[in-house]
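What follows is one structure encoded as structure tokens, with my remarks underneath.
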Amino acid sequence: MSKNLRTEKLSVGYGKKCVIEGIELDIEAGKIISLIGPNGCGKTTILRTVLKQLETLAGSVYVSGRDLSDMSGDDIAHFMSMVTTKRPVTELMTCREVVATGRYPYTGRFGLLNEKDEEKVREAIEFMHVESIAEEDFSKVSDGQKQRVMLARAICQEPEILVLDEPTSFLDIRYKLDILDGIYRLSREKNVTVIMSLHELDIARGISDKLVCIENGKIGRVGKPDEIYKDGYLAKLYGIDPDCFDEKTGTIILKEH
Amino acid sequence: MKISRKNYFPIFILLTLLLLILMVWNICTGSVDISVSDIVGVLTKGRGNDTASRIIMDIRMPRVIAAVVLGGALSVSGFLLQTFFRNPIAGPYVLGISSGAKLVVALFMIFMLSKGININSLGMVAAAFVGALMVTGFVLIISTKTRKMSLLIVCGILVGYVCSSITDLCVTFADDSNIVNLHNWSMGSLSGMNWNDVTIMTILVGLVVVIAFMYSKPIGAYQLGETYAESMGVKVKSLRVLVILLSSALSACVTAFAGPISFVGIAVPHLIKSITKTAKPLIHIPACFLGGAIITVFCDGISRTLFAPTELAISSVTSILLVPVVIFMMLRPGGRNE
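The listed protein sequences derive, respectively, from chains A and B. Under our numbering, think of the first position of the first sequence as 1, with each following residue one higher. Under our numbering, think of the first position of the second sequence as 1001, with each following residue one higher.
Pasting the structure below:
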């Protein structure tokens, strides 16, 4: 039962306003699951609910077999870590120190790192290949570098489940590849379960073991990329002309004018 | 750009030494000159009945300790507010918290004095705390309506003005006998401290600063932003309440005992960061306390001696010395811009 994420009749939303109802997810350990759907469809809402940053409106979430509603913030931090699109604004923190904040759930009263913590920080830095910028000021490195550091931070938290909210948005192609490579190796080498929201349909097609499509207020198709990228389903999901989208690759086709 | 990580120990030693030197200078200078050996004498043999030991023990010693405690309180309060509002120019004075505290204390003083009741220091602190919380509460309500930090600061400044105006109004219509008392206090001054005041403020400020220090870890996580802090298991909501209560308690304490003292709360955390090159609360909170103490002892010394025997309001000195620091800090290239 370890490392999996399951939801039962889950409804998510802000305050009393329900955004999506009846979410049934069952994500196996070490798999990569992507949520796709138009802007504002509720991908982030689902992710934040899974992290217990938003209250569930109905239904339940089970993290490695444990009911999320019985878990404290500290418990959750031992099971799940996250990366969002928004890079934090830091002051006088080196990249290494940012990575080290991932050890928060494991350190004592004053947050001092012991040898094991230092080792984990080093491993995470090597895993994401950010050794060369480790001592640099986080606020001064490029956006792509920041995101690699943030992923290293999340790894250093030793999650069973990694939650990513549009991790590759706004990055150039090289950093997109770096981040995706990191996510992929994490799931395959360390058996970490990944749930993320994505806007890039080509990336979603390539990296995901399973896709969850979100239509107006409900879950649409769920399945392997090949089962989803057919019959013009995605064009319908996003409300676009089917001729403008290549289902084989997940890329845009510009019409000739 | 690399950040070099130094050993913080020598910095703490140097700051402590500087503070001690300034304290001795403060006790020695004034209308009556006191020698260092007089101080040593009083400290080792206890107070005698001579003029020197009376000046040291009754006037200058309590005053300089008050400057240490209240100066430290101001800058720790400033650091907490800057962390909370994620804004480099937040501080108890700028956000109107000091003015709110001042208003409630003034009302309280006028009311009690008109009834012929003398107010003790704890009563003053309580009144100041109520005033400080009123303003912070208001600023917090505004903060739920807008995400723009600049707007929040402007609101704080405006509320501060309103509070000051009402305070002035009260002073204008207060009985003559009360005014002298109120006027001196509302200018901000460390004069006339007694050991009773010093004991109470040391206990209060000590307690609050120790609590803040004990929460260094979650406050540090909060510096990465609320979402990330929450994902590390920080109870963000209760931490926010705690930080606001602690910083209000600190500014309330300062206002109750010394009246408003401006800009120490904003400038010192930045000065300290430029020395230590870290904003880590575990290092920063104690370093800020020392820094605030140093600046306040220094400024109080200047305010007493520059135009002696006339004494300046301490805020006149802190403003002139620290406003350039604040402006420099805001304009500094590569500074925080959000």
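Glycine included, each C-beta is placed from N, C-alpha and C at the ideal position. Quantities reported herein were computed from a predicted structural model and do not represent experimental measurements.
- Taking 9 Å as the Cβ-Cβ cut-off, the stretch 198-223 of chain A has no residue approaching chain B.
- Counting of Cβ neighbours within 10 angstroms places B:I1320 among the exposed residues, the total staying below 16.
- Distance from the CA atom of B:M1149 to the CA atom of B:I1211, rounded to whole angstroms, is 27 Å.
- Sequence-distant Cβ neighbours of B:A1293 in its own chain, meaning closer than 6 Å and more than five residues away, are L1019, V1068, G1071, G1072.
- In this chain, the alpha helix (DSSP H) harbouring B:C1155 covers 1149-1173.
- DSSP places A:S2 in no alpha helix (DSSP H); its state is neither H nor E.
- In the three-state DSSP reduction, A:L211 falls in the strand class (E or B).
- Between A:G13 and A:L57 the beta-carbon gap is near 5 Å, inside 8 Å, which marks them as a contact.
- In this structure, DSSP gives A:T94 an extended state, which the three-state scheme calls strand.
- For A:R221, the enclosing beta strand (DSSP E) stretches over residues 218-223.
- For the 8 Å CB-CB criterion, A:M128 and A:R148 form a contact.
- Nearest CB-CB separation between A:T44 and chain B: not below the 8 Å threshold.
- DSSP places A:V163 inside the beta strand (DSSP E), whose first and last residues are 161-165.
- Chain order gives the chain B residues near A:S81 as S1231, M1232, where near means a beta carbon separation below 9 Å.
- For B:A1221, a Cβ of chain A is located within less than 8 Å of the residue's own Cβ.
- Along the stretch 1272-1312 of chain B, the alpha helix (DSSP H) occurs as fully enclosed runs of 4 or more residues at 1281-1305, listed in sequence order.
- Under the 10 Å beta carbon count, A:C244 is surrounded by fewer than 16 other beta carbons and is classified as exposed.
- Cβ atoms of A:Y175 and A:G144 come within 8 Å of each other, at about 3 Å.
- Two segments are said to touch when three or more pairs of C-beta atoms, one from each, lie closer than 8 Å; by this definition the stretch 1123-1140 of chain B touches the stretch 1243-1261 of chain B.
- In terms of CA proximity to A:M80, A:V50 leads the group A:V50, A:A134, A:L112.
- Here B:V1234 is buried: its Cβ has 16 or more other Cβ atoms, across all protein chains shown, within 10 Å.
- Linking A:K31 to A:P225 through their CA atoms gives a straight-line distance of about 13 Å.
- Annotated three-state conformation of A:E119 is helix, per DSSP.
- Distance from the CA of B:V1317 to the CA of A:D70, rounded to the nearest whole angstrom, comes to 56 Å.
- With respect to chain A, the C-beta atom of B:S1216 has a partner C-beta closer than 8 Å.
- The C-beta of B:P1062 has 16 or more other C-beta atoms within 10 Å across all chains shown, which makes the residue buried.
- Excluding the 5 residues flanking it on each side, B:S1262 has same chain C-beta neighbours closer than 6 Å at Y1093, S1315, T1318, S1319, in chain order.
- Taking one beta carbon from each stretch, the stretch 111-131 of chain A and the stretch 150-165 of chain A have 3 or more pairs nearer than 8 Å; the two touch.
- In this structure, A:I20 lies away from A:L211, with their beta-carbon atoms at least 8 Å apart.
- Contact between the stretch 1299-1307 of chain B and the stretch 1105-1115 of chain B is absent: fewer than three C-beta pairs spanning the two stretches fall below 8 Å.
- Taking 8 Å as the cut-off, the Cβ atoms of A:I214 and A:G40 do not count as close.
- The stretch 75-93 of chain A makes contact with the stretch 1228-1244 of chain B, as at least three CB pairs between them are under 8 Å.
- Around the CB of B:Y1222, 16 or more other CB atoms lie within 10 Å, so the residue is classed as buried.
- With contacts defined by Cβ atoms closer than 8 Å, B:M1187 and B:G1259 form a contacting pair.
- Using a C-beta cut-off of 8 Å, the stretch 1284-1291 of chain B makes contact with the stretch 1197-1215 of chain B, since at least three inter-stretch Cβ pairs fall below that distance.
- In the DSSP annotation of this structure, the continuous segment of the beta strand (DSSP E) that includes A:V63 starts and ends at 58-63.
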